[in-house]
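Heads up: the sequence shown begins at 34 in the numbering used here, then just goes up one per residue. Quick reminder that beta carbons are idealized off the backbone N, C-alpha and C, glycines included. Heads up: the structure comes next, in structure tokens.
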Amino acid sequence: MKARLSRDFLQRELVRQRPALLYGLALSVIALSATTFMLVDLASVHGGLPTTNVIKLIKDYSFLLEVRYGKAMIKYDESRRAKEVVRRTKKVKKGLVTKEKEPEEVEELDVAWLMAYPFTGSSVALRNIQNLTGFSQGTNYGHVVDSKRGFIPHVYNSIPVNADSPNGPYKYNIDMPLPSSGYILVKTHCSGHCIDYGTDECTLSDYVNPLINVREYMIGCASGTKWEYGREVEVHHNPYKSKKAVILARHPAMVISARFLNEVEGRPNPLQQKWGREGILEWCATYDDRQGSKRLMNFYVEEAKAMVKDDGVLCHAEIYRIVNFYNQAYKLMKFMGDPLLVTRFEDYDLDFDNTLNSMAGFLELRLKESRRADVPYQRYGDPDLFTTEEVTKMLKFFNIFAIKETKALFADYS
């Protein structure tokens with residue numbers, strides 16, 4: 034009798050778990066029989082079939098399987114919930130249950146990451162889309178909200194864009210509704226960009242690990258903050274729920290100048306009274322002379338080390354962060370297999386209408402005809418803080434580390 038009960042229980046469990054088991058079986062078949070295709074994918078990530086670094090190949094293969102599994106489970110969950118809605122609807126129509134007893138089905142918004150290094154203009158990108166569609170976009174950093182009165186930090190409790198994801202992403206503009214269709218653009222700075230002041234807030238591993246390990250970088254893309262009951266909390270959500278991505282770039286020299294201006298404006302420090310060229314030269318020298326920057330040079334190739342020593346590349350530690358941020362963005366998107374749009378901050382000046390139309394089309398959002406006029410925005414950064422020779426050296430240093438996709442994206446700056 035006990036054996037019969039065990040068999041009945043097993044049969045019920047097999048029926049109940051059949052979809053998940055089928056997914057697991059399919060993934061196992063993929064893992065065992067499609068290794069060649071996986072290696073081809075990895076070859077596209079690395080720019081050629083890996084031949085020497087076997088350990089890295091194995092790690093990348095493992096990560097590729099992890100990403101495929103994560104994406105598959107998201108699709109399975111969406112399919113399961115869709116079928117549940119159909120099942121409940123049929124029950125209501127047949128009179129088996131009343132509509133009032135059924136839980137309300139809240140449709141999830143599809144997420145598209147806006148992958149942008151700090152000070153590349155991600156806020157401008159979000160505000161332009163918001164102003165031209167009438168809908169709020171999203172952010173991983175819910176402790177700050179946009180509003181008719183400007184940016185407001187540490188006041189409003191963060192509002193998730195999807196009810197089942199309390200850890201983000203969050204609504205960006207509190208005065209605008211969320212879109213009811215299309216994709217919501219979510220601001221993320223991923224990771225690898227913090228400045229090492231020699232404190233626990235930013236250590237070498239905090240910025241090096243994401244810049245050399247794609248999995249760590251991905252975790253950063255799904256991490257952020259929320260403001261809840263009077264305190265700021267670090268949060269993490271499921272990265273596999275992202276279905277598209279926009280990579281936003283800007284001239285590296287302008288990014289550095291904008292970061293410098295933010296430093297001297299926002300925090301009391303010895304450089305507070307030193308603006309302009311004198312200030313940024315001292316800021317770069319201090320940045321590159323920190324212990325963390327010196328240790329970072331252990332990760333430079335010999336050509337890059339020689340440039341720092343012989344040519345005096347300014348803010349080389351920041352340039353290393355910028356170029357590897359975009360290298361990792363491209364590599365991650367190849368692993369994820371999601372549709373990708375690339376754009377540059379300068380495109381808003383060169384061709385505002387086409388830039389916005391392209392982004393809105395990619396997000397499947399409709400622009401309001403009455404709002405197609407140019408939207409004014411702040412161009413943070415000073416193009417005259419560096420000489421042409423200094424910028425040329427920066428870009429040459431940048432290209433030493435850049436993979437082919439990153440080189441192509443930044444080619445017009447050379």
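Beta-carbon proximity of residue i to residue j, cut-off 8 Å
i, j, result
"Thr376", "Val241", "no"
"Ala337", "Leu442", "no"
"Pro243", "Gln324", "no"
"Cys223", "Met148", "yes"
"Val266", "Val219", "no"
"His270", "Tyr446", "no"
"Tyr203", "Pro193", "yes"
"Tyr363", "Thr439", "yes"
"Asp344", "Lys276", "no"
"Phe378", "Thr153", "yes"
"Ile162", "Ala393", "yes"
"Met251", "Leu365", "yes"
"Tyr381", "Val288", "no"
"Val100", "Phe368", "yes"
"Lys104", "Tyr273", "yes"
"Val178", "Asn206", "yes"
Reduced DSSP category for residue i - H, G, I as helix; E, B as strand; rest coil
i, result
"Tyr262", "coil"
"Asp380", "helix"
"Asp143", "strand"
"Leu98", "helix"
"His226", "coil"
"Val346", "coil"
"Leu398", "coil"
"Val334", "coil"
"Glu423", "helix"
"Arg323", "coil"
"Thr388", "helix"
"Gly309", "helix"
"Asp110", "helix"
"Ser156", "helix"
"Ala435", "coil"
"Glu351", "helix"
"Asn242", "helix"
"Pro416", "coil"
"Pro210", "coil"
"Ser290", "helix"
Cα-Cα separation, residue i to residue j
i, j, result
"Leu420", "Gly171", "Residue identity differs from the one stated: residue 420 is Thr in this sequence, not Leu. Spanning the two alpha carbons is a distance of roughly 37 Å."
"Leu165", "Phe430", "38 Å"
"Leu98", "Arg114", "24 Å"
"Lys307", "Tyr333", "31 Å"
"Glu311", "Glu249", "37 Å"
"Leu398", "Lys181", "22 Å"
"Leu383", "Gly263", "42 Å"
"Trp146", "Gly231", "31 Å"
"Thr319", "Asp229", "11 Å"
"Asp322", "Lys401", "50 Å"
"Ala286", "Glu141", "39 Å"
"Gly215", "Ser391", "14 Å"
"Val188", "Tyr174", "13 Å"
"Asn195", "Glu335", "47 Å"
"Leu374", "Phe395", "7 Å"
"Trp316", "Phe293", "7 Å"
"Glu296", "Phe168", "32 Å"
"Leu418", "Ser326", "22 Å"
"Glu422", "Asn190", "48 Å"
"Val62", "Tyr94", "Caution is warranted here: a pLDDT of 48 is assigned to Val62, below 50, making its placement in the model unreliable, and the coordinate value is therefore given only provisionally. So the two alpha carbons sit approximately 15 Å from each other."
"Ala339", "Leu389", "42 Å"
"Lys437", "Ile245", "17 Å"
"Leu38", "Pro186", "Note that Leu38 scores a pLDDT of 42, beneath 50, so its modelled location is shaky; the value from the coordinates is reported in the next line. Leu38 and Pro186: Cα-Cα distance of roughly 59 Å."
"Ala291", "Pro416", "9 Å"
"Leu268", "Gly253", "It should be noted that the sequence gives Val, not Leu, for residue 268. Approximately 10 Å, taken between the alpha carbons."
"Phe96", "Asp233", "29 Å"
"Lys108", "Tyr102", "10 Å"
In DSSP terms, what residue i is bridged to
i, result
"Thr172", "Tyr203, Lys220"
"Met148", "Thr221, Ile280"
"Gly257", "Val268"
"Leu373", "Ala278"
"Pro186", "Val177"
"Pro193", "Tyr203"
Any non-hydrogen atom of the ligand FMN closer than 7 Å to residue i Cβ
i, result
"Glu249", "No copy of the ligand FMN occurs in the structure displayed, which carries no ligand at all."
message: When you compare the region 252-261 with the region 193-209, are there three or more beta-carbon pairs, one atom per stretch, that lie closer than 8 Å?
response: yes
message: So, does the region 342-362 touch the region 424-438, judging by three or more C-beta pairs under 8 Å?
response: yes
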